[in-house]
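FYI, this note's numbering numbers position 137 of the sequence shown as 172, with every residue one higher than the one before it.
Here a beta-carbon is modelled for each residue, glycine too, at the ideal position from N, C-alpha and C.
A quick note: this is a predicted structure, and the numbers were derived from the prediction, not measured.
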Amino acid sequence: MSFRTTATSTDYVEDVSPGSGALPPRAWYASSDAGSLSLNGSWSFRLSPTADGADDSFAEPGYDAGDWAEVTVPGHWVLQGDGAFGSPIYTNHLYPFPVDPPHVPTANPTGDHLHVFDLPSDWPDLSDGGAVLRFDGVESCARVWLNGTEIGEFKGSRLAHEFAVGQLLKPSGNVLAVRVHQWSAGSYLEDQDQWWLPGIFRDVTLLHRPAGSVLDFFTHASYDHTTGEGTLRVESDVDGRVTVPELDIDVRTGEPVTVAVEPWTAETPRLYDGVLVTAGERVPLRIGFRTVELSDGLIKVNGKAVLFKGVNRHEWHPEKGRALDLETMRADVLLMKRYNLNAVRTSHYPPHPAFLDLCDEYGLWVIDECDLETHGFTEQNWRDNPVDDDRWTPALLDRASRMVERDKNHPSVVIWSLGNEAGTGRGLTAMAEWIHGRDDSRLVHYEGDWDCRDTDMYSRMYADHAETERIGQGLDGGTGKRRQLPFILCEYGHAMGNGPGGIADYQRIFEAHDRIQGGFIWEWIDHGIKDERFGYAYGGDFGEELHDGNFVCDGLVFPDRTPSPGLVEYKKVIEPVRIEADGSDGTVRITNAYDFADLSHLEFEFSYQVDGFPTGAHTLAVPPLAPGESAEVKLPAPAPDGNGEEVQWTVRALLAADTPWAGRAHEVAWTQKTVAPRGPLPTATGARPTADGDRITLGPATFDARTGDLRSLNGVDVTVLRLDVWRAPTDNDDGASWQDDTRYGVLWRQLGLHRMQHRLDGVESDGDGLTVRTRVAPAAREVGLRTVYRWTSDGTRLRLTVSVVPEGDWKLPLPRLGVRFGLPAATDSAVWFGSLGEAYPDTKAAAKHLQWDASIDDLQTPYVRPQENGARADVRWVELDGLRVEGESEFWFTARRWTTEQLDAATHLTDLRAGDTVWVNLDHGLHGIGSQSCGPGPLPQYFLKAEPTEFSFVFSAAE
């Protein structure tokens with residue numbers, strides 16, 4: 036005898052359909068004169084370990100939830116309750132449950148949410164029209180009741196769902212019950228390289244729907260660049276009128292009207308305020324006239340090809356996860372504008388709709404991406420991939436339609452994307468066909484479609500420089516259709532940890548080939564979770580069974596939205612004005628690199644610097660150049676006499692007036708040129724070394740007579756000055772485990788460069804100085820570096836010349852080449868002439884050379900996973916409290932309160948503890964950074980080859 040039980044009440048969780056009960060998708064708008072009630076706030080909450088762990092009685096009016104916990108909506112329950120409600124899970128692409136679609140684990144955390152609310156006193160009579168309950172985002176599956184009546188269930192976490200509830204409302208004591216399951220069939224479509232975070236994480240709103248109110252509407256606002264006219268037509272499911280007072284427009288819905296307008300672009304985001312009026316509602320409109328087309332093999336807006344200088348943006352807040360408020364979204368947009376970005380790919384789902392309002396207002400091109408990724412199926416060679424299974428096609432079409440219908444009235448949205456890393460299949464084709472049929476005013480993107488069967492552009496991620504160049508030259512092959520299409524890098528420049536390197540080289544390729552229309556850095560923000568144990572937590576810090584470590588921290592801004600050196604570099608690389616020195620004739624060449632705007636909104640400032648210090652600013656007269664135009668501009672003053680110090684000039688392009696996104700004098704672009712180099716370093720010779728017991732004195736320095744080690748300089752103790760070749764590998768040094776390319780961080784460690792031994796071969800004191808001969812090499816290897824330290828002095832200054840000759844068969848570049856030494860912990864600050872911020876050989880486009888100062892603590896870059904950081908580039912001299920160091924050639928310096936070995940061993944910022952020594956590196960060379968954490972490594976010209984090298988420093992007392 037046998038029997039079987041089934042939990043029919045939860046069958047919907049594993050149903051591949053998108054859900055039931057929801058209204059058809061429609062356009063989102065921020066406000067109208069119809070009433071609305073936010074249901075955000077504190078909700079009662081109960082967590083069950085399984086989908087059927089509790090019955091449905093909680094949804095009934097009168098249910099006593101007095102012993103339930105409280106959570107904030109919008110929010111994720113795993114980020115609330117101090118761990119009582121479970122923990123976040125991070126995976127890049129692996130599903131954190133067995134892959135057996137559409138089935139999910141029995142262990143399926145399920146959160147029951149209760150919210151009791153009254154209608155406000157000014158809410159219309161319940162007999163007047165109806166009401167709609169709107170959920171803007173719930174992960175991953177929700178079932179909803181109002182006042183004891185089930186109204187539906189849905190999947191599609193980052194998509195809006197509305198339900199008609201007017202007949203269920205009462206003036207007070209309304210009970211809204213929502214059951215949310217962490218895992219569902221929908222989870223197979225949402226494998227998007229981010230934290231898995233269940234909950235009601237976007238707004239919940241009750242909307243009054245008066246009789247005759249607006250349902251769906253589609254604002255068509257095209258622009259004819261040949262006539263300067265725009266054509267407006269607003270389709271509406273409910274008849275009404277459209278007025279745009281500034282344009283004297285007053286027409287019926289559905290009726291086109293053509294008038295002279297100023298077009299909308301990301302550079303000139305001109306919006307016209309209008310109103311859609313029906314019998315029951317007035318909806319404000321923000322109308323931007325622009326036309327997007329594929330013409331001459333290029334993506335064109337208003338008749339001009341555009342160059343995307345973009346970024347991929349996940350939604351993230353270090354404490355609230357994907358529950359973002361308006362001000363956080365605005366902060367993102369303002370930062371993007373201030374750092375010269377012009378485009379956003381909403382990876383890999385539609386953002387909160389208010390973000391698109393901000394893109395309309397401030398001006399950003401948007402690739403709006405569908406809530407779809409099935410990346411985990413790559414582990415089984417895409418077998419059973421839902422996008423190639425007809426049973427899932429209705430869910431895919433539902434996701435596509437909910438994105439398009441919600442966001443179709445945003446002028447900033449110029450491209451629809453089918454999703455990300457979902458392989459290929461019939462479902463994607465169905466999505467593309469539906470989108471093309473519904474909206475022919477925009478283009479369709481999908482990176483996985485290399486044959487471009489369904490798309491309007493050829494898109495790739497992480498193609499290296501050489502392949503990108505070949506594509507630009509039309510030498511990439513592929514289908515005939517693909518070769519006629521524009522190319523974009525939808526992801527490149529993986530900004531994980533220190534980097535990305537090589538983006539200036541990418542930009543030169545982009546600008547050299549019309550076919551290449553730019554790219555989108557991966558990505559905007561580090562997804563670190565604020566955690567008192569670690570500072571910021573990443574994958575594995577919550578005991579996940581499977582995780583991908585700090586691969587979730589790969590942004591241009593840190594979790595608190597502080598710009599990283601990578602964002603500073605990107606701003607310089609993509610600056611929209613090119614300022615180039617034409618030679619020694621006292622002129623500069625100014626080129627307008629905008630696509631649409633002239634330069635009338637900018638003013639130009641010129642100044643000379645002597646030894647890195649400005650001598651006064653002048654205004655530079657630059658005409659209001661049109662896009663693509665250049666002009667030769669005469670510099671306003673002759674160069675001063677530097678008296679042996681370096682003389683350079685700087686030209687800056689600044690905002691001439693306040694804008695909505697930055698104030699007057701905000702720097703947009705700049706360049707520098709040296710017009711008189713500094714004189715040679717002093718030879719620092721003449722003083723004789725003198726021996727006294729176990730010490731040798733040479734000018735201001737004392738040495739250990741046996742080892743030749745420098746012990747003090749100008750009375751300051753110095754610890755272990757010697758050759759250093761090791762750096763704490765960056766994420767990009769170590770590369771990604773799945774890559775076939777050479778990963779130098781791994782090979783450096785295998786060779787033993789992190790444990791170099793220093794053999795003393797001799798200490799020689801002669802009449803001119805002190806020579807220390809050594810060999811530096813790793814155990815178990817034949818390779819080594821024959822290193823000679825030559826010390827001389829003129830009595831007040833001390834000169835060090837280091838000669839390095841490689842021995843053996845060196846097959847690897849070096850991480851760094853220079854000297855390291857320790858100074859007392861009291862060393863608190865540095866002043867230097869060189870780059871302001873962190874810069875490495877392939878990340879120093881933004882290295883602005885002036886005099887700077889900073890504390891030792893402020894010299895550190897707080898990457899979420901500690902690694903090599905903080906090197907200042909092109910340094911002429913540095914003063915560390917009382918010690919001055921000058922380089923014969925420009926050098927890098929770093930200063931830290933921990934050793935490189937301690938930095939290497941740390942996994943979180945809280946692992947780093949200040950010691951009793953400040954460790955200083957003076958580097959003749961550093962290996963490039965690249966972006967091999969998910970992309971190419973450094974280009975060959977940025978390799979630090981092991982070859983015979985000599986470099987010198989002069990030490991003296993700071994004045």
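Considering just the uninterrupted stretch of the beta strand (DSSP E) at residue i, what are its terminal residues?
| i | result |
| --- | --- |
| Cys394 | Unbroken run through Cys394 is the alpha helix (DSSP H), 388-397; no beta strand (DSSP E). |
| Met791 | 791-800 |
| Asn143 | 142-152 |
| Ala177 | 176-181 |
| Ala1052 | This structure does not reach residue 1052, given that the chain is present from 36 up to 994, and the question cannot be answered. |
| Ile480 | One point to set straight first is that residue 480 is His, not Ile, in the sequence displayed. Note, His480: beta strand (DSSP E), 478-480. |
| Asn956 | 952-961 |
| Asn209 | 209-216 |
| Phe252 | 252-259 |
| Trp705 | 702-711 |
| Pro658 | Looking at the DSSP string, Pro658 is not in any beta strand (DSSP E), and its letter there is neither H nor E. |
| Gln227 | No beta strand (DSSP E) contains Gln227, which DSSP labels as neither H nor E. |
Could you tell me the alpha carbon to alpha carbon distance between residue i and residue j, rounded to whole angstroms?
| i | j | result |
| --- | --- | --- |
| Asn904 | Ser924 | 21 Å |
| Val592 | His349 | 12 Å |
| Asp272 | Leu250 | 6 Å |
| Cys285 | Glu873 | Residue 285 is actually Asp in this sequence, not Cys. Distance between the alpha carbons of Asp285 and Glu873 is about 56 Å. |
| Gln683 | Thr878 | 21 Å |
| Asn678 | Gly621 | 20 Å |
| His653 | Leu670 | 9 Å |
| Asp617 | Asp892 | 40 Å |
| Ser522 | Glu504 | Going by the sequence as given, residue 522 is Phe instead of Ser. Going by the C-alpha atoms only, they are around 11 Å apart. |
| Gly460 | Asp423 | 4 Å |
| Trp427 | Asn182 | 32 Å |
| Arg39 | Arg81 | Unreliable placement is indicated for Arg39, whose pLDDT of 39 sits below 50; the coordinate value is still reported in the next sentence. One C-alpha to the other measures close to 29 Å. |
| Ile538 | Asp259 | 35 Å |
| Gln792 | Gly743 | 16 Å |
Quick check on residue i: buried or exposed, where buried means 16 or more other Cβ atoms within 10 Å of its Cβ?
| i | result |
| --- | --- |
| Gln895 | buried |
| Asn416 | exposed |
| Glu456 | buried |
| Leu510 | exposed |
| Gln542 | buried |
| Lys846 | exposed |
| Phe928 | buried |
| Ser66 | exposed |
| Ser800 | buried |
| Pro975 | exposed |
| Gln202 | exposed |
| Glu105 | exposed |
Can you give me the start and stop residues for the alpha helix (DSSP H) that residue i sits inside?
| i | result |
| --- | --- |
| Val439 | 428-442 |
| Gln785 | 779-786 |
| Glu903 | That residue, Glu903, is in no alpha helix (DSSP H); it is neither H nor E in DSSP. |
| Glu362 | 361-373 |
| Ala940 | 935-940 |
| Ala465 | 461-473 |
| Asp769 | 766-769 |
Which same chain residues end up closer than 6 Å to residue i when comparing Cβ atoms and leaving out the 5 residues on each side of it in sequence?
| i | result |
| --- | --- |
| Glu354 | Lys565 |
| Pro155 | none |
| Thr45 | Ala86, Asp87 |
| Glu842 | Gly819, Arg821 |
Looking only at its own chain, which residues have a Cβ that is under 7 Å from the Cβ of residue i, when we skip the five neighbours before and after it?
| i | result |
| --- | --- |
| Glu681 | Asp646, Thr709, Ala711, Pro712, Arg713, Arg911 |
| Arg778 | Asp769, Gly770, Gln967 |
| Leu241 | Ser71, Leu72, Leu74, Ala166, Leu168 |
| Ser747 | Ala736, Thr737, Val753 |
| Gly315 | Gly164, Pro245, Ala246, Gly247, Ser248 |
With a floor of 3 residues, list each beta strand (DSSP E) that falls wholly inside the stretch 548-583, ordered by position along the chain. 551-556, 564-566, 570-572
Quick check on the DSSP output: what are the complete alpha helix (DSSP H) runs of length 4 or more inside the stretch 597-652, in order along the chain? 600-608
Which runs of the beta strand (DSSP E) spanning at least 3 residues fall entirely within the stretch 266-348, listed in chain order? Listed in chain order, the complete beta strand (DSSP E) runs (minimum 3 residues) inside the stretch 266-348 are 275-279, 284-287, 292-295, 307-313, 317-322, 327-330, 333-336, 343-347.
Which runs of the alpha helix (DSSP H) fall wholly inside the stretch 493-525 and span at least 4 residues, in chain order? 500-507, 515-518
What ranges does the beta strand (DSSP E) occupy inside the stretch 85-141, keeping only unbroken runs of at least 3 residues that lie completely in it? 104-108, 124-126
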